[in-house]
Amino acid sequence: MIMKYVVKQTIEMPARVIMSAMQLAVSLLIALLLTTNVSATEFDSVTLSEISQNKEAPIQQRVAATMELGNISDQNAIIAIGRATRDDAIELRRAAIFAVEHWQPSARWDIISPLLNDAVESVRFEAALAVVTLWPLLNEGQRQVLDEQIEAYMLALPDDNAALAQRAYLYRVRGDYEQAEIVFTVVLNRHTGNNDNFMYLEYVELLKATDRNQQAITLLEEVVQTQITQQGAASSELYFSLGLAHYREKNSSAAIANIKLAHELNNQDAQVSYTLALLTKAQEPMAAVELLSQAYQVNPQPKYLYSLCELQLQQGIDASACLSDLRLLIPEQIVDDLVLSVK
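At position 143 of the sequence shown (counting the first as 1) the number is 143 in full-length UniProt numbering, and the numbers step up by one without a gap.
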């Protein structure tokens, strides 16, 4: 069995990429929601695998089953998703990409990398964007294959600010900080507003990568204040990024204060709820339990459920239901080790 999940608690900013195929992602999620409750808690991996591979089933159901299989760690899921990458239906190949977005890097690469040679250009681009964050872990041969598609994708981008910001992102994640800085200089010089959160968030990631965290804090505070002045409120994403920047500077109180503001503005962001729970669980464990439960309800990733079970065990709360659900998603040995570690 391939170990897909690295179950660890991390406080970090997820990669935020504006994809040319964003409408596709939305349509896939809508398809997932519209199908009849295709979920790991109601169907086992055998049933989901059968739905995913059944060419007579409606494509929406096959897409939903394939994406849900990404939340299950067993051989049936791995085989079915692997077959989805070779399916004649483009929707299935794309669903496989989204299904494995939270898998362990090596397993994610194994599933997605064949799609870098897909016959359809948009699928090749989506595959490239899905694995570009693995760049530091790849060997030269793997980088060469990926780089070809990333360069082709960048050539296809328009010349607006959003596209330039994405170019800078793609340079940054591949370690070309100098070129990323050049592109951001162009973007910032031509930019006149303060509402392009993606641009500022990406620039903050570049500042973080180049050890300019204090500059990132200054920039974010300026943008937040400008948005408050102009609109009466600032973006949840900006507060979250500012909180993480303070966390990197070991300013715990400022980090928690800003991430709490982010959560107040948007309690449907699972990463914000999860991060706030990790930062506050020592002082407010019961509130952290609620935050982790909320994170998992919004986005049922195994790491959220694992952290919820762990905290329930630590606080002496009945975790039997939580652990039962967790056993459906990750290998039983990991769950057993968790229970033993808390005793």
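Glycine is no exception: its CB is placed at the ideal position from the N, C-alpha and C atoms.
Cβ neighbours of residue i in the same chain (closer than 7 Å, five flanking residues each side left out)
{"i": "A95", "result": "L28, V63, T66, M67, A84"}
{"i": "L311", "result": "K281, P285, A288, V289, L292"}
{"i": "D110", "result": "none"}
{"i": "L329", "result": "A40, N71, I72, S73, P302, L305"}
Nearest candidate by alpha-carbon position, reference residue i, set the options
{"i": "I259", "options": "L207, Q268, L242", "result": "L242"}
{"i": "T133", "options": "E121, Y171, A99", "result": "Y171"}
{"i": "L116", "options": "S253, E222, I150", "result": "I150"}
{"i": "E249", "options": "A270, D211, Q268, L308", "result": "D211"}
{"i": "W103", "options": "S341, Q314, P302", "result": "P302"}
{"i": "L92", "options": "A107, Q53, E121, L129", "result": "Q53"}
{"i": "A209", "options": "I182, I228, I78, Y177", "result": "Y177"}
{"i": "E221", "options": "S252, V131, A245, L329", "result": "A245"}
{"i": "D159", "options": "V173, Q144, V187", "result": "V187"}
{"i": "R86", "options": "G70, T185, E140, V120", "result": "V120"}
{"i": "Q283", "options": "W135, D88, A152, S252", "result": "S252"}
Coarse secondary structure for residue i, derived from DSSP in three states
{"i": "G70", "result": "coil"}
{"i": "E56", "result": "coil"}
{"i": "D337", "result": "helix"}
{"i": "P158", "result": "coil"}
{"i": "Q227", "result": "helix"}
{"i": "H102", "result": "coil"}
{"i": "V131", "result": "helix"}
{"i": "L329", "result": "coil"}
{"i": "S235", "result": "coil"}
{"i": "N76", "result": "helix"}
{"i": "V120", "result": "coil"}
Cβ-Cβ separation, residue j to residue i (assumed contact under 8 Å), whole Å
{"i": "P331", "j": "S73", "result": "6 Å"}
{"i": "A165", "j": "L157", "result": "Going by Cβ atoms, the distance from A165 to L157 rounds to 10 Å, so no, they are not a contact pair."}
{"i": "E202", "j": "Y247", "result": "Going by Cβ atoms, the distance from E202 to Y247 rounds to 19 Å, so no, they are not a contact pair."}
{"i": "S49", "j": "A80", "result": "4 Å"}
{"i": "Y296", "j": "L308", "result": "6 Å"}
{"i": "S236", "j": "D269", "result": "7 Å"}
For residue j and residue i, the rounded distance between their alpha carbons
{"i": "A123", "j": "S113", "result": "It is worth fixing the name first, because residue 123 is Val in this sequence and not Ala. For V123 and S113, the distance between alpha carbons rounds to 11 Å."}
{"i": "G82", "j": "G175", "result": "30 Å"}
{"i": "K55", "j": "T47", "result": "14 Å"}
{"i": "V100", "j": "Q142", "result": "18 Å"}
{"i": "F98", "j": "D147", "result": "20 Å"}
{"i": "D337", "j": "K343", "result": "10 Å"}
{"i": "S341", "j": "T229", "result": "49 Å"}
{"i": "A180", "j": "R167", "result": "7 Å"}
Residue i Cβ short of 7 Å to the ligand NAD heavy atom set
{"i": "A168", "result": "With respect to the ligand NAD, the structure offers nothing, as it holds no ligand at all."}
Own chain residues within Cβ distance below 6 Å of residue i, not counting five before or after
{"i": "V224", "result": "A234, L238"}
{"i": "L276", "result": "I259, H263, L291"}
{"i": "V204", "result": "A216, S241"}
{"i": "V339", "result": "none"}
{"i": "A130", "result": "I97, I112"}
Residues near residue i by beta carbon distance below 8 Å, same chain, minus five either side
{"i": "D318", "result": "Q312"}
{"i": "L207", "result": "N213, Q215, A216, L219"}
{"i": "N267", "result": "S273, Q294"}
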